[in-house]
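Below is the structure:
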């Protein structure tokens, strides 16, 4: 009995590559179709927004048209009142001007050689914001690896500086309207986050108001910052 003919590898490889490209296009289309978080979502107290952002998607379209996406797993709230860790605690400056603008805008600032991304909350003139501390990379991972010069998935966007590097975010995006649904925006995948999967702790790296429990993170996510200590929220009866 003759052996069955071997498949033509030169035909299979292009077909597999074509299938991969089709899947990527379909996934990208789904991500772009997610509902963009509107102004009303951000127009409330920072601690409410910080908690509500868990499970939402951060999306970025680079100058080259590459889409990057990640699931938010860690945030910190900075309050407009009685919070000396807030950059606007002593008033308005050129650096923090975006915090005084309408809700739903980006506040991007530099720390050492990296950047941090915040979303502005509450009505215009009330300087509060939420720092996005970490995301779980979901799409455009090869581009993130190149931007970060790193390959370990867990380390790509774990911490605000790494996140901004992986998503190509810098001061040029300070003041950007996140509700436009272009360049940089946040979207709702309609994921229900159980209350008891959320942990709360004091914020990381602040020297003032260190005791305030304003850091929110998904307790079981391996993509949050190294400081994993916190207490889980309990469902309301």
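Residue numbers (the working numbering): 1 to 237.
Just so you know, even glycine gets a beta-carbon here, dropped at the ideal spot from N, CA and C.
Practice item. Assign residue 88 to buried or exposed, taking buried as 16 or more other Cβ atoms, counted over all protein chains shown, within 10 Å of its Cβ. Key: In the chain shown, residue 88 corresponds to position 88, counting from 1. With 16 or more neighbouring CB atoms inside 10 Å of its own CB, residue 88 falls in the buried class.
Check your understanding: By DSSP, does residue 149 sit in helix, in strand, or in coil?
Key -> Your numbering for residue 149 matches position 149 in the chain shown. Note: residue 149 maps to coil in three-state DSSP.
Practice item. Compute the Euclidean distance between the alpha carbons of residue 140 and residue 117, then round it to the nearest angstrom. Key: In the chain shown, the residue the question calls residue 140 occupies position 140. In the chain shown, the residue the question calls residue 117 occupies position 117. Note on geometry: alpha-carbon atoms of residue 140 and residue 117 lie some 19 angstroms from one another.
Exercise for review: Please confirm whether residue 222 and residue 210 have their CB atoms less than 8 angstroms apart.
Suggested key: The residue given as residue 222 occupies position 222 in the chain shown. The residue given as residue 210 occupies position 210 in the chain shown. In this structure, the beta-carbon distance from residue 222 to residue 210 does not fall below 8 angstroms.
**Study point:** Contact under 8 angstroms by Cβ, residue 131 with residue 76
**Key:** Position 131 of the chain shown, counted from the start, is the residue given in the question as residue 131. Position 76 of the chain shown, counted from the start, is the residue given in the question as residue 76. Yes, these two residues count as a Cβ contact at 8 angstroms.
Review point. If you follow the beta strand (DSSP E) that residue 215 is part of, which residue opens it and which one closes it?
Key: The count along the chain shown starts at 1 and reaches residue 215 at position 215. Note, residue 215: beta strand (DSSP E), 215-218.
Review point. Hey, would you say residue 79 sits closer than 8 angstroms to residue 128, going by beta carbons?
Key: Taking the chain shown and counting its residues from 1, the one referred to as residue 79 is at position 79. Taking the chain shown and counting its residues from 1, the one referred to as residue 128 is at position 128. The beta carbons of residue 79 and residue 128 sit closer together than 8 angstroms.
Review point. What number of angstroms, rounded off, separates the C-alpha of residue 237 from the C-alpha of residue 218?
Key: In the chain shown, counting from the first residue as 1, residue 237 sits at position 237. In the chain shown, counting from the first residue as 1, residue 218 sits at position 218. Only weak support is given to the placement of residue 237: the predicted model assigns it a pLDDT of 48, under 50, and the value that follows is read from those uncertain coordinates. Going from the Cα of residue 237 to the Cα of residue 218 covers about 21 angstroms.
Point to revise | Distance, residue 184 Cα to residue 96 Cα | key: Walking along the chain shown from the start, residue 96 turns up at place 96. Walking along the chain shown from the start, residue 184 turns up at place 184. Residue 96 and residue 184: Cα-Cα distance of roughly 19 angstroms.
Check your understanding: Pick from 102, 86, 90, 144: whose alpha carbon is nearest that of residue 109?
Key -> Start at 1 with the first residue of the chain shown, and residue 109 comes out as number 109. Selected option, being the one with the closest Cα: 86.
Review point. Going straight from the alpha carbon of residue 186 to that of residue 212, what length do you get?
Key: Taking the chain shown and counting its residues from 1, one reaches residue 186 at position 186. Taking the chain shown and counting its residues from 1, one reaches residue 212 at position 212. Cα-Cα distance, rounded: 26 angstroms.
Check your understanding: Out of curiosity, what's the CA-to-CA distance linking residue 69 and residue 146?
Key -> Taking the chain shown and counting its residues from 1, one reaches residue 69 at position 69. Taking the chain shown and counting its residues from 1, one reaches residue 146 at position 146. Spanning the alpha carbons of residue 69 and residue 146 requires a straight line of approximately 15 angstroms.
Point to revise | With 16 other Cβ atoms within 10 Å as the buried cut-off, status of residue 98 | key: Taking the chain shown and counting its residues from 1, the one referred to as residue 98 is at position 98. The residue is buried, with at least 16 neighbouring Cβ atoms inside 10 Å.
Exercise for review: Could you pull out every residue in the same chain whose Cβ sits closer than 8 angstroms to the Cβ of residue 39, ignoring the five residues on either side in sequence?
Suggested key: Looking up residue 39 in the chain shown gives position 39. Counting only residues of its own chain and dropping the five nearest sequence neighbours on each side, residue 39 has a CB closer than 8 angstroms to the CB of 102, 103, 104, 179.
Practice item. Determine the closest residue to residue 71 out of 58, 156, 166, with distance taken between C-alpha atoms. Key: One-based indexing of the chain shown puts residue 71 at position 71. Comparing Cα positions, the closest option is 58.
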